[in-house]
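Structure record follows, encoded as structure tokens.
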Amino acid sequence: NVMAMYRKIYKGEFRCPRWFSPELSRLLCRLLDTNPETRITIPELMENRWFKKGFKQVKFYIENDRLHNVDDDDGFDSQTSASSSPERQSRPSGGGGGRGLPRPASLNAFDIISFSPGFDLSGLFEERGEEARFVSGEPVSKIISKLEEIAKLVSFTVRKKDCQVSLEGSGRRGERGSMAGHLAIAAEIFELTPSLVVVEVKKTAGDRGEYEEFCRTELGPGLRDLAAGPAPTTTEEAVATVETGEEEERGEPPTLIASDTE
């Protein structure tokens, strides 16, 4: 009788098989309790001896507002607007990539042209995030170390894979102020010339206002010393989204500008 079954479900009436252990029966009674005030909570459930048996901790991270399993991904794959060309695949170490790091993926002419908002067609095929780019003449290892240093200052977690770095954090930032909600930022390094690289930063999860505040107060000042000096005009026009010039003369930190607000 389906209606009778529904009534029992609504009232929480059930019986455990006799071969269930008393501990398991008590656990099920707490799980199926119709009163949310007395029903077992997730933290209580995870402390239960029956639950812990054979339990394996699964680590997740948030990217593009989605949950990903760290074990399944074996790292992470940053989805950036500059990753559309098949020619730009990582090559073996060299070109200032630093010891133990692979050589950054190279940018071709089409990649550089696509940095101009008027020529970037990636928005037709994928959802765009807030992005910023700047040119640096520093080694890849130094750039990654600086990103790790910035993350440590605000208690963000860091995940690295080759020339990609992901910064993730949530909650309060200690004495520097508060940051509600989760924020995830991906940074990827590309080779422009043997002595210059392009660092592309984008928000992969979280509130845009928090991302812009983080860029203004933490990321911009932290990366100020890594930005290269005057570069060829074509390179500046194509890839520089860190305001330089007058700000550098005044000693002010570079401003990271999201490409869709240029």
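At position 66 of the sequence shown the residue is numbered 66 (my numbering), and the sequence of numbers has no breaks.
In this text, a Cβ means the ideal position worked out from N, Cα and C, and glycines have one as well.
Pull the bridge partners of K203 from the DSSP assignment, please. Here residue 203 is taken as the residue at index 203 of the sequence shown, counted from 1. Under DSSP, K203 shares a beta bridge with I185.
If I follow the unbroken beta strand (DSSP E) through K161, where does it start and stop? For this step, residue 161 is matched to residue 161 along the sequence shown. T157 to K161 is the extent of the beta strand (DSSP E) around K161.
By a C-beta neighbour count over all protein chains shown, 10 Å radius and 16 as the cutoff for buried, is R133 buried or exposed? Working through the sequence shown from its first residue, we reach residue 133 at position 133. Answer is buried; the Cβ neighbour count reaches 16.
Would you kindly work out how many angstroms separate the C-alpha atoms of L28 and N1, rounded to a whole number? Here residue 28 corresponds to residue number 28 of the sequence shown, with the count starting at 1. Here residue 1 corresponds to residue number 1 of the sequence shown, with the count starting at 1. In this structure, the straight-line span from the alpha carbon of L28 to that of N1 is close to 24 Å.
What three-state label does DSSP hand F20 in the structure shown? The residue you call residue 20 lines up with position 20 of the sequence shown. If DSSP states are grouped into helix, strand and coil, F20 belongs with coil.
Determine which residues share a DSSP beta bridge with T41 and list them. Position 41 of the sequence shown, counting from 1, holds the residue named residue 41. According to DSSP, T41 bridges with nothing at all.
Under a Cβ-count criterion, where at least 16 other Cβ atoms within 10 Å of its own Cβ denotes burial, should G209 be classed as buried or exposed? Locating residue 209 in the sequence shown gives position 209, where the first residue counts as 1. Exposed, since its Cβ has fewer than 16 Cβ neighbours within 10 Å.
Please report the straight-line C-alpha distance between R49 and C16, rounded to a whole angstrom. Taking the first residue of the sequence shown as 1, we reach residue 49 at position 49. Taking the first residue of the sequence shown as 1, we reach residue 16 at position 16. Cα to Cα, the separation comes out at about 19 Å.
Boundaries (first-last residue) of the alpha helix (DSSP H) holding S145: The sequence position of residue 145 within the sequence shown is 145, counting from 1. Counting along the chain, the alpha helix (DSSP H) containing S145 begins and ends at V140 to L153.
For the alpha helix (DSSP H) that A4 lies in, which residues bound it at each end? By 1-based counting over the sequence shown, the position of residue 4 is 4. Per DSSP, A4 belongs to the alpha helix (DSSP H) from V2 to K11.
What is the residue span of the alpha helix (DSSP H) that E213 lies within? In the sequence shown, the residue the question calls residue 213 occupies position 213. Per DSSP, the continuous alpha helix (DSSP H) segment holding E213 begins and ends at R208 to F214.
Could you compute how far the alpha carbon of K160 sits from the alpha carbon of F214? On the sequence shown, position 160 is the one that residue 160 refers to. On the sequence shown, position 214 is the one that residue 214 refers to. The alpha-carbon atoms of K160 and F214 are separated by roughly 20 Å.
Determine, using beta carbons only, whether E200 and E131 come nearer to each other than 8 Å. Residue 200 sits at position 200 when you count from the first residue of the sequence shown. Residue 131 sits at position 131 when you count from the first residue of the sequence shown. Yes, the Cβ-Cβ distance between E200 and E131 is below 8 Å.
Might you give, ordered along the chain, the residues of its own chain that have their beta carbon closer than 7 Å to the beta carbon of K146, omitting 5 neighbours on each side? For the purposes of this step, residue 146 is taken as the residue at position 146 of the sequence shown. So the list reads G222, L223 and L226, once near-sequence residues are dropped.
Candidates T193, Y10, P36 and E168: which alpha carbon is nearest I185's? Stepping through the sequence shown from its first residue, residue 185 is reached at position 185. Just measuring C-alpha positions, the residue of T193, Y10, P36 and E168 sitting nearest I185 is E168.
Endpoints, the beta strand (DSSP E) within which R49 is located: Taking the sequence shown and counting its residues from 1, one reaches residue 49 at position 49. Bounds of any beta strand (DSSP E) do not take in R49; it lies within the alpha helix (DSSP H) bounded by R49 to K52.
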